[in-house]
Amino acid sequence: MTDTETAGRRPARADRQGRRPASGAESTVEPPSKRRRRLAPYFFVAPYALFLVGFGIAPALYGLYTSLFTDSLGAGTEFAPLGNWGEVLTDYRLVDSARNVATYVALWLPSMLMLIFAIALVLHARPGRFAAAMRFVYYIPGAITGSAAALLWLFMVSPQVSPFSPLLDLLGVENATEAVSANTPLILALMGIAIHAGGWILIVYAALAALPRDVLEAAVIDGASSWQVAMRVKLPMVSRYAALILIATFAAGTQVFVEPTVLATGVPGQISSTWSINQLAYYYATQQGDFGKAAALSLALLLVGLVVALLVIYRTKFYRIDRGLS
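Start counting the sequence shown at 1; every next residue gets the next number (full-length UniProt numbering).
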């Protein structure tokens with residue numbers, strides 16, 4: 001084999017071994033591994049995006065369209081862009097419903113927020129089997145649906161069958177009707193705490209467990225007590241989760257529907273069928289057949305939640321990257 005033939009074959013052999021050709025030309029084809037890494041995030045986001053469009057954005061747009069038309073049983077549909085909004089906002093029942101929901105949220109949200117962080121801090125300070133067992137115990141009530149929880153609490157406030165009947169007798173409660181009618185927001189707040197707190201406790205505990213150990217050890221070396229470490233080190237580092245909980249629970253609280261509806265079946269005539277804002281929207285749709293007003297009220301509730309969420313995000317700088325979630 002001549003030297004000329006050998007020299008002509010060497011570049012080809014170099015190409016098969018993955019080395020750059022002798023000509024120095026750069027390949028414009030993206031490696032498959034890099035392309036997969038670039039596309040991977042979109043595959044993870046795609047399912048959520050589909051659900052968001054199908055069950056969030058599309059229904060909201062349809063609700064906006066429906067709110068622009070007046071509709072009632074036995075009557076035709078008429079285009080009235082602001083008609084439904086005006087009737088809803090001037091309905092005297094909306095004032096009572098908004099007051100009931102505001103009272104419920106004011107009782108439920110702050111107390112649950114403080115309880116979540118208090119329990120999470122205690123569990124983080126007591127690692128081991130105790131913390132693992134208590135995390136499971138706290139999460140159990142979250143497995144109960146709202147309707148089942150309402151029935152459970154209806155039994156708990158009935159002196160005849162309640163395990164807390166001595167306490168109810170001490171408070172002068174003679175029957176479930178008396179207990180529910182006078183303390184509906186308080187009972188709903190206790191139900192909300194029992195149902196929702198467990199899941200959030202696990203999330204905050206996970207955030208605490210992810211804190212840098214060297215930071216906590218440095219605080220202890222500097223002479224900080226357990227209380228000071230919890231209040232001045234741990235809590236500020238996971239404070240952003242408070243904003244997340246506030247946004248999610250406020251939206252859930254303003255949409256309360258199942259719990260007062262089920263409680264009303266146990267104490268007939270004591271809880272109005274339009275006790276909450278969502279119940280009033282349900283009344284418009286099912287009792288009056290006016291889906292335009294129901295859609296307008298639902299969108300108004302959505303706007304309130306969006307405004308509060310934006311305020312919380314702005315005030316807490318929720319998405320500021322340099323702080324991180326932990």
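All C-beta atoms, glycine included, are put in the ideal place defined by N, C-alpha and C.
Keep in mind the model is a prediction, meaning the values are calculated, not measured.
Per DSSP, the continuous alpha helix (DSSP H) segment holding M134 begins and ends at 129-139. Cβ-Cβ distances below 7 Å link A120 to I201, V204, Y205, L208 in the same chain, with the five nearest sequence neighbours on each side left out; the list follows chain order.
When T77, P81, L52 are compared, the shortest CA-CA separation from L64 is found for P81. Counting the other CB atoms within 10 Å of its CB gives Y42 a total below 16, which places it among the exposed residues. When DSSP states are grouped into helix, strand and coil, E174 belongs to the coil group. DSSP links F79 through a beta bridge to F69. Sixteen is the threshold: since fewer than 16 other Cβ atoms of the shown chains lie within 10 Å of the Cβ of P268, the residue is exposed. In the three-state reduction of the DSSP assignment, V256 falls in the coil class. Residue S298 holds the alpha-carbon nearest to the alpha-carbon of S276 among F291, S298, I193, G292. Approximately 5 Å separates the beta-carbon atoms of E259 and L188; this is inside 8 Å, confirming the contact. In the DSSP assignment, M231 falls outside any alpha helix (DSSP H) and carries neither an H nor an E.
Per DSSP, G269 lies in no alpha helix (DSSP H) and is assigned neither H nor E. Between the alpha carbons of L39 and V53 lies a distance of about 21 Å. Here N278 has Q255, F257 as same chain residues with Cβ atoms under 6 Å from its own Cβ, once five neighbours each way along the sequence are excluded. With fewer than 16 other Cβ atoms from the protein chains shown falling within 10 Å of its own Cβ, P127 counts as exposed.
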